[in-house]
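> Starting off with a structure, shown below.
Residue numbers (our numbering): 1439 to 1579.
This is the structure in structure tokens:
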């Protein structure tokens, strides 16, 4: 999503229409939210590996990980949901608000933002599964 842009010429090469992800604050929030979640996952990976290797490790740190995972799930869901609303408007538009569908002109831009959104909602599903398996593992001990 962070590299998504498309330029369309209009009459001449000097007048062009350009669409970038950072033109809309919602897409910027989407990119920042995904970056924060990705950074958290990189930082929490060593702790998770430690818990796998030493299964008798403290339950409190496992609970803290589940809490932070839940917070990251909420952030990821918020970013993806906000971006989904804008992607819907980009594809369908809204006649009563005079918002026109831009995906008829900016095909490549819309394909890339839609693919990013699908990947993010895939991450939401994976996070849900991670939280459920972590909670089950904690409850067994």
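For each residue, glycine too, the CB sits at the ideal point set by N, CA and C.
Please read these numbers as outputs of a predicted model, since none were measured by experiment.
#1: Under the assumption that residue 1507 contacts residue 1569 (Cβ atoms under 8 angstroms), give the Cβ distance between them as a whole number of angstroms.
#2: Going by DSSP, name the residue or residues bridged to residue 1532.
#3: Indicate the three-state DSSP secondary structure (helix, strand or coil) for residue 1492 in the structure shown.
#4: Starting from the C-beta of residue 1524, find all residues in its chain whose C-beta is less than 7 angstroms away, skip the five residues before and the five after it, and write them out in chain order.
#5: Just curious, the alpha helix (DSSP H) that residue 1567 is in, first and last residue?
#6: Between the C-alpha atoms of residue 1481 and residue 1475, what's the straight-line distance to the nearest angstrom?
#7: Using a 10 Å radius around the Cβ and a threshold of 16 neighbouring Cβ atoms, would you call residue 1534 buried or exposed?
#8: Comparing C-alpha positions only, which one of 1565, 1554 and 1543 sits nearest to residue 1512?
#9: Counting pairs of beta carbons, one from the segment 1515-1530 and one from the segment 1540-1556, are three or more of them closer than 8 angstroms?
#10: Evaluate residue 1561 with the Cβ neighbour count: other Cβ atoms within 10 Å of its Cβ, from every protein chain shown; 16 or more gives buried, anything less gives exposed.
#11: Which of the three DSSP states is assigned to residue 1483 in this structure?
#12: Determine, using beta carbons only, whether residue 1558 and residue 1516 come nearer to each other than 7 angstroms.
On the basis of the supplied data:
#1: 5 angstroms
#2: 1537
#3: coil
#4: 1462, 1464 and 1465
#5: 1545-1578
#6: 10 angstroms
#7: exposed
#8: 1565
#9: yes
#10: buried
#11: helix
#12: no
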